[in-house]
Structures are given as structure tokens and as C-alpha cells.
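Under the working numbering, the first residue of the sequence shown carries the number 13, and numbering increases by one thereafter. In this text, a Cβ means the ideal position worked out from N, Cα and C, and glycines have one as well. Since the structure comes first, as C-alpha cells, the remarks are kept for the end.
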Amino acid sequence: MTQATTAPAKLEKKLAWSLLALRLGIFIVMFIWALDKFVNPAHTAAVFEGFYGIGGLSATFAAILGGLQVALCLIFVAGLWKFFSYGLIFILHGVSTLSSFPQYLDAFNNMLFFAAWPMWAACFALFYLREYDTCTLSALMNKSD
Numbered sequence: 013m014t015q016a017t018t019a020p021a022k023l024e025k026k027l028a029w030s031l032l033a034l035r036l037g038i039f040i041v042m043f044i045w046a047l048d049k050f051v052n053p054a055h056t057a058a059v060f061e062g063f064y065g066i067g068g069l070s071a072t073f074a075a076i077l078g079g080l081q082v083a084l085c086l087i088f089v090a091g092l093w094k095f096f097s098y099g100l101i102f103i104l105h106g107v108s109t110l111s112s113f114p115q116y117l118d119a120f121n122n123m124l125f126f127a128a129w130p131m132w133a134a135c136f137a138l139f140y141l142r143e144y145d146t147c148t149l150s151a152l153m154n155k156s157d
């Protein structure tokens, strides 16, 4: 076996582990945001009003959103229905990132908002390379066949 024939296999394995790391990192952030909707629904209401212009969000609605987001996060971290789950995570984080546009104009008073951009890039990379993300629950279940 030459180095040229083993490089793709090595690359695929490294890529799969790298994509798993991205997925776990994105999951942590999105899952905490989901839990925040249960723990502090007033914060959720303030975010929706301040960033999306949607006022009067009830604690019940925040909990429903939180429940849907928890379900999405669990599907996402398991690597299931990748086109749907990775795509939805990419879109949701993109909306969040872009809705913060005024904070980017006052960069030095809002530096933490800039952390959203590399995470959005990671979401894109994971969606774009989803066929190479093989460290998933579905891949594990298929191996047992």
C-alpha cells in the first residue's frame, strides 16, 4: 500500500472526527440556549422583543420553543436526518447571527457577539460536509446490521 492510497482513508477518518467535534461544540451552545427558554423565559421574551421585534412572548410559548429546540438539538447531536437537522441549525443560528447586526456596528462594546460568526461558519461546514460526518448514531446503527 502506498501513501497515496492510504491518504484518503486517513483523511476521511480525521474529517469524521473533526465533524463530530464541530457537531458537539455547536450542540453545547444550541442546547444551553434551548434550556434557557425553560430556566429563564423572561430572558427569551426580552431576546425576541429586542432582536426580532416580537413582543409579549409568554412563558408557555417560550417553553414550547424550548421543547422544539431541545428535540432538534438531540436529533442534531445524534447525527440523524442530517439535511434537515444540520440545515435547520444552520438557518436558526444564521437568523440569530444576522439579527444582531446593530451590535456589530458598535464592535468594541459588543465583542462577544462576534463569536457567533465562527460558530455560523462551523454550522455551514458541518451542513456542507454532512455526507462525511460518519460518527453518528445512524452510522453506528447501520454497522450493527
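Exposure label - residue i; buried when at least 16 CB within 10 Å
{"i": "residue 26", "result": "exposed"}
{"i": "residue 130", "result": "exposed"}
{"i": "residue 97", "result": "buried"}
{"i": "residue 13", "result": "Residue placement at residue 13 is poorly supported in this model, since its pLDDT is 48, which falls under 50; the coordinates are not used for a value here."}
{"i": "residue 78", "result": "buried"}
{"i": "residue 69", "result": "buried"}
{"i": "residue 72", "result": "exposed"}
{"i": "residue 44", "result": "exposed"}
Nearest residue (CA-CA) to residue i, options the options
{"i": "residue 153", "options": "90, 37, 45, 71", "result": "90"}
{"i": "residue 111", "options": "60, 48, 32", "result": "60"}
{"i": "residue 135", "options": "82, 34, 20", "result": "34"}
{"i": "residue 47", "options": "133, 80, 21", "result": "80"}
{"i": "residue 109", "options": "38, 132, 147", "result": "132"}
Distance between residue j and residue i (C-alpha atoms, nearest Å)
{"i": "residue 106", "j": "residue 125", "result": "13 Å"}
{"i": "residue 36", "j": "residue 84", "result": "13 Å"}
{"i": "residue 92", "j": "residue 113", "result": "32 Å"}
{"i": "residue 57", "j": "residue 138", "result": "30 Å"}
{"i": "residue 143", "j": "residue 76", "result": "31 Å"}
{"i": "residue 140", "j": "residue 40", "result": "20 Å"}
{"i": "residue 87", "j": "residue 128", "result": "22 Å"}
{"i": "residue 104", "j": "residue 42", "result": "10 Å"}
{"i": "residue 150", "j": "residue 121", "result": "43 Å"}
{"i": "residue 74", "j": "residue 20", "result": "46 Å"}
{"i": "residue 49", "j": "residue 101", "result": "17 Å"}
{"i": "residue 82", "j": "residue 145", "result": "21 Å"}
{"i": "residue 94", "j": "residue 123", "result": "31 Å"}
| So does the region 117-130 actually touch the region 62-77, counting three or more Cβ pairs closer than 8 Å? | Judged by Cβ distances under 8 Å, the region 117-130 makes no contact with the region 62-77, as fewer than three pairs qualify.
| task | Could you tell me whether the region 25-39 touches the region 47-54, using the rule of 3 or more Cβ pairs below 8 Å? | result | Between the region 25-39 and the region 47-54, the count of C-beta pairs closer than 8 Å stays below three; the two stretches do not touch.
| request: Please list the segments of the alpha helix (DSSP H) lying wholly inside the region 61-90, counting only runs of 4 or more residues, in order along the chain. | output: Within the region 61-90, the runs of alpha helix (DSSP H) that reach at least 4 residues and sit entirely inside it are, in chain order, 71-90.
| Minimum length 4: unbroken alpha helix (DSSP H) runs contained in the region 85-149 | Here the runs fully enclosed are 94-111, 113-117, 128-140.
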